[in-house]
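Take a look at the structure below.
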Amino acid sequence: MSASTRGRRVGGVWSSACRFRRCNESVRKGQAILKGTRMRFSVDAHAIGRHLTGNEVYIRNLLRGFARLEPAAEIIAYVSADGAEAHVPDGFRIRRISPVPHIRLTLDLPRKLRRDRPDVVHVQYTAPLGCPAPVVVTVHDVSFIEHPEFFRRVRALQLRITVRRTVKQAACVLTPSEFSKRAILKAFGLPEERVVVVPNAVSEEFRPRPAAPAAAEVWRRYGIASPFLLTVGDLQPRKNHEGLIRAFAELIRHHPALPHRLVIVGQDGWYGAHVRRAAARSGIADRIHFPGFVPDEDLLLFYAACEVFVFPSVYEGFGLPILEAMACGRAVACSNTTAMPEVADAAAILFDPRDCGQMVRAMRDLIADPELRARRERLGLKWAGRFSWDRAAEKTFEVYCAVADARARNRAVTAPSVVHS
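All letters in the sequence shown, in the order written, are residues 196 to 616 by my numbering.
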């Protein structure tokens with residue numbers, strides 16, 4: 196990839212970040228307008244503690260970032276899982292809401308929001324009915340529209356209806372990549388200024404660790420021997436685990452002396468049985484391991500212990516495991532589709548996820564060439580350091596302030612007032 200191409204890609208990810216840094220004056224004006232009425236922001240944090248993977252990672256780290264900002268506002272987090280309160284920073288108010296989606300969205304959350312009277316409500320994908328305040332919605336991707344075959348039919352239809360309703364009424368739509376922004380604009384026909392890119396990041400826990408102690412601990416806890424290749428993601432059709440299993444089996448057939456195993460970390464979900472059957476039919480089932488969902492501390496061990504990280508997904512709105520692996524100092528091979536080239540930049544080896552041969556070559560090259568692997572590790576570690584949850588929290592909070600400002604002025608909010616001021 197040429198330097199000019201890299202520059203354009205970096206600009207694509209971070210151009211909105213630069214504009215946000217120039218909007219502090221707008222935020223201060225908004226706060227001045229609201230002076231005397233401390234702002235109150237409500238955040239739907241029901242994903243915390245429910246193993247909703249990317250959604251949970253997003254909201255947990257956003258709340259942590261808000262806490263470090265020490266904002267001059269009251270933040271209320273609405274949680275539903277047992278023990279979720281432990282993941283909400285001190286100083287934030289906590290409300291318990293129903294874990295049942297229909298009750299949460301139609302009865303419980305609307306009732307509590309009416310009582311709390313926030314200036315802004317932040318949700319992921321779906322807002323409650325009758326929301327009493329302007330909505331900021333995070334839409335990570337629109338795979339349910341572009342690829343409904345990746346979902347159960349009823350679930351895809353449900354998302355199309357509820358997300359469309361939420362997006363159409365929202366004051367602002369946040370999304371983590373330029374790819375997802377383009378997809379959202381196309382899917383919902385929104386004006387470009389209503390959609391703001393706020394890239395995801397990796398938390399400080401994801402950092403390089405010695406491989407040998409981590410590998411020993413993975414063996415002790417899970418009985419999985421090194422060396423191994425790792426992928427992380429729930430067992431869903433779009434994650435393309437079946438394609439990875441075929442490619443790994445092909446790699447071993449061509450290089451039977453390789454001692455490597457394949458570890459697939461993630462919840463089974465509704466598609467898990469299909470992936471496990473693919474492993475059973477591969478002819479190398481004894482080399483393929485499914486530890487299931489693992490807690491954060493164990494996930495860090497898997498990243499540290501793996502030799503190569505492979506991410507074969509066919510559709511991502513961001514692809515956070517790519518950055519997590521890079522931040523842990525691992526060489527990455529990932530798909531060249533959707534948001535993944537934007538997230539991985541020049542630090543990863545890219546392949547067509549539908550091309551088994553390309554995937555085999557990417558894995559083989561990183562396994563066989565220690566110098567190539569070390570170079571990719573260095574590039575990835577440097578690249579991952581450019582993404583920050585603190586920056587994401589700051590930008591998101593600025594959106595809240597701009598939306599609250601617009602409400603106080605009794606006018607419609609548009610993203611130009613957020614990003615171009």
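Positions of the beta carbon are idealized from the N, C-alpha and C atoms, including for glycine. The model shown is predicted, which means the values in this text are computed figures rather than measured ones.
Spatial distance of Asp277 from Ser293 (CA atoms): 11 Å
Residues near Lys224 by beta carbon distance below 8 Å, same chain, minus five either side: In this prediction, Lys224 scores a pLDDT of 41, lower than 50, which makes its location untrustworthy; no coordinate-derived value is stated.
Beta strand (DSSP E) segment containing Gly487, residue limits: Element bounds for Gly487: 483 to 487.
Where Arg217 sits in the DSSP three-state scheme: Reliability fails at Arg217, whose pLDDT of 39 lies under 50, so the model's placement of it is uncertain and no value is given.
Nearest-angstrom beta carbon gap, Thr370 and Val397 [assumed within contact, 8 Å]: The pair is not a contact, with the Cβ atoms about 18 Å apart (cut-off 8 Å).
Distance between Gly487 and Gln553 (C-alpha atoms, nearest Å): Between Gln553 and Gly487, the C-alpha separation is close to 27 Å.
Burial state of Arg203 (16 or more Cβ within 10 Å): For Arg203, the pLDDT reaches just 33, beneath the cut-off of 50, and the residue's location in the model is therefore unreliable, although a value from the coordinates is still provided. With fewer than 16 Cβ atoms within 10 Å of its Cβ, Arg203 is classed as exposed.
Gly524 versus Glu572: straight-line alpha-carbon distance, rounded: 5 Å
Contact the stretch 389 to 408 vs the stretch 359 to 377: 3+ CB pairs below 8 Å: yes
Neighbour-count burial assignment, Asn256, 16 or more Cβ in a 10 Å radius: buried
Assigned exposure category for Lys577 - 16 Cβ within 10 Å defines buried: exposed
Same chain only: Cβ atoms within 7 Å of Phe485, ignoring 5 sequence neighbours per side: Ile459, Arg471
Phe504, DSSP secondary structure in three states: strand
Residues sharing a beta bridge with Phe592, DSSP: Paired residues: none, contrary to the question.
Any chain C beta carbon closer than 8 Å to His449: Here there is only one protein chain, and chain C is not present.
Reduced DSSP secondary structure (H/G/I, E/B, other) of Tyr466: Note: Tyr466 maps to helix in three-state DSSP.
Ala528, buried or exposed, once every other Cβ within 10 Å from all chains shown has been counted against 16: Counting of Cβ neighbours within 10 angstroms places Ala528 among the buried residues, the total reaching 16 or more.
First through last residue of the alpha helix (DSSP H) which encompasses Thr426: Annotation for Thr426: no alpha helix (DSSP H) segment contains it, though the beta strand (DSSP E) segment containing it runs 423 to 427.
The stretch 509 to 520 in contact with the stretch 552 to 570 per 3-pair CB rule at 8 Å: no
Sub-8 Å separation of Val503 and Ile562 beta-carbons: yes
Residue span of the beta strand (DSSP E) that contains Ile289, given as start and end: Note, Ile289: beta strand (DSSP E), 288 to 291.
For Ala268 and Pro323, the rounded distance between their alpha carbons: 22 Å
contact_flag[the stretch 475 to 485, the stretch 437 to 455] where n(CB pairs < 8 Å) is 3 or more: yes
Given Gly325 as reference, the closest of Ser338, Ile340, Arg556, Arg306 once Cα atoms are compared: Distance from the Cα of Gly325 is smallest, within the candidate group Ser338, Ile340, Arg556, Arg306, for Arg306.
DSSP-derived helix/strand/coil call for Ile459: Look at Ile459 here: in three-state DSSP terms it is strand.
Touch test, the stretch 346 to 366 against the stretch 416 to 423, Cβ-Cβ under 8 Å, three pairs minimum: Because the criterion of three Cβ pairs below 8 Å is not met, the stretch 346 to 366 and the stretch 416 to 423 do not touch.
Beta-bridge partners of Gln319, as assigned by DSSP: Thr333
Rounded separation between Asn435 and Glu589 - CA only: A direct Cα-to-Cα measurement between Asn435 and Glu589 gives close to 34 Å.
Residues of its chain near Arg290, where Cβ-Cβ distance is below 8 Å and the 5 sequence neighbours each way are ignored: Ile271, Ala272, Tyr273, Val274, Lys307, Asp311
Residues that DSSP places opposite Trp546 in a beta bridge: For clarity, residue 546 is Phe in the given sequence; the question names Trp instead. Partner(s): Ser530.
Where Pro236 falls: helix, strand or coil (DSSP): Note that residue 236 corresponds to Phe in the displayed sequence, not to Pro. Strand.
Best match in Ala262, Pro548, Leu302 for proximity to Pro432 [C-alpha to C-alpha]: Pro548
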